Amino acid sequence: MVTLCGLLESIEILLSQIQVDDKEFEELFARQENYSKEAQGSGTYNHISAKLHKMRIESMQVLRSVGHSLGDSLPSSTNRSILTELCLKNSSLIFSTVSSSYDLHGLDLEPLDLLVIDEAAQLKECESVIPMQLEAIRHTVLIGDEYHAQARVKSRVSDEAGFGRSLFERLGLFGHSEDLLNMQYRMLPAISTFPNRRFYKDQIVDAPSVLCENFQQNYLPGPMFGPYSFINISNGRDN
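If you use the working numbering, the sequence shown corresponds to residues 78 to 316, in order.
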């Protein structure tokens, strides 16, 4: 599939280099595989045309190979839901939001070995449960930061009842061990110093990439801006 994607990108680039009308385009892609290079003539257009023909043939060969490997499981339908299910059944990795993972429950998939939930500390516990109920999951890894803002709960009663609490936080309260990823790659040291000292007891290390002199320092114009600024919004309203 990687080869096919590369070929399709190359075809797109070549098509942008020539001007063809609908009829010429149709003729170009209707040629037989044994269409001879000599029959195309010379010139820039014909040279690009020959390359397009060659890439088209290679793409068709790759598609046939994919079709052969899928065998009888390759559907003849162009229905989106059928094709989506085909892709999911033949995928080794599936990326999804926790809410969208609900759709996986209705599919006849091979058992998933590992579930990884990113930003797990910002999800309500009931949200994390959605993908965790998929059949035959052996391991679940929760990645998150309890110092980040929790999931938003509008109801004061629900908030006071702990409805916004994450599974990540609950497991921490029960004494489950946590592994700290202690190197940060995204902030200037001038920015990371405060949260590191305030929340992480100086356990976070700045990566070499943010320590080097050529690390970009693009600030907003104005004397109040620098690596970071504190803006007082005590009288503001959350709409």
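Yeah, the Cβ is synthetic: ideal placement off N, Cα and C, and Gly gets one too. Here the structure is a predicted model, which means the values were calculated and not measured.
Cβ of residue i within 8 Å of Cβ of residue j?
i: Leu184; j: Leu165; result: yes
i: Leu181; j: Leu219; result: no
i: Leu84; j: Val143; result: no
i: Val287; j: Pro272; result: no
i: Ile125; j: Ile95; result: yes
i: Arg141; j: Glu202; result: no
i: His216; j: Asp190; result: yes
i: Gly305; j: Ile281; result: Checking the sequence, you will find Tyr at residue 305 rather than Gly. The answer is no: Cβ separation not under 8 Å.
i: Ile88; j: Leu129; result: yes
i: Ser243; j: Ala228; result: yes
i: Ser136; j: Leu81; result: yes
i: Glu48; j: Gly249; result: Only positions 78 to 316 of the chain appear in the structure, and residue 48 is not among them; the question remains open.
What does a CB cutoff of less than 7 Å around residue i pick up in its chain, not counting 5 residues either side in sequence?
i: Ala284; result: Met260, Gln261 and Tyr262
i: Phe240; result: Lys201 and Val230
i: Thr121; result: Residue placement at Thr121 cannot be trusted, given a pLDDT of 47 that sits under 50; the coordinates are not used to answer.
i: Glu162; result: Leu184
i: Ser106; result: In the sequence under discussion, the amino acid at residue 106 is Phe, which differs from the Ser named in the question. Same-chain partners within the cutoff: Arg133.
Got a sec? Which residues, its chain only, sit under 6 Å from residue i by beta carbon, not counting five neighbours each side?
i: Pro208; result: Val175, Ser178 and Leu192
i: Ile214; result: Leu189 and Leu192
Taking all protein chains shown into account, do 16 or more other C-beta atoms lie within 10 angstroms of the C-beta of residue i, making it buried, or fewer, making it exposed?
i: Phe245; result: buried
i: Ile194; result: buried
i: Lys231; result: exposed
i: Asp256; result: exposed
i: Ala198; result: buried
i: Gly303; result: exposed
i: Leu200; result: buried
i: Pro298; result: exposed
Strictly by DSSP, which residues pair up with residue i?
i: Met260; result: Val282
i: His216; result: Leu191
Report all residues from its chain with a CB closer than 8 Å to the CB of residue i; omit the five preceding and five following residues, and keep chain order.
i: Met301; result: none
i: Glu196; result: Ile220, Gly221 and His225
i: Lys131; result: none
i: Glu86; result: none
i: Val234; result: none
i: Phe28; result: A question about residue 28 goes unanswered here, because the residues of the chain that appear run from 78 up to 316.
i: Val154; result: It is worth fixing the name first, because residue 154 is Ser in this sequence and not Val. Cβ neighbours of Ser154 beyond the five flanking positions: Leu160.
With respect to 7 Å, is the separation between the Cβ of residue i and the closest non-hydrogen atom of the ligand ADP below this value?
i: Cys164; result: With respect to the ligand ADP, the structure offers nothing, as it holds no ligand at all.
Can you list the alpha helix (DSSP H) stretches of 4 or more residues lying completely in the segment 167–214, in chain order? 202–209
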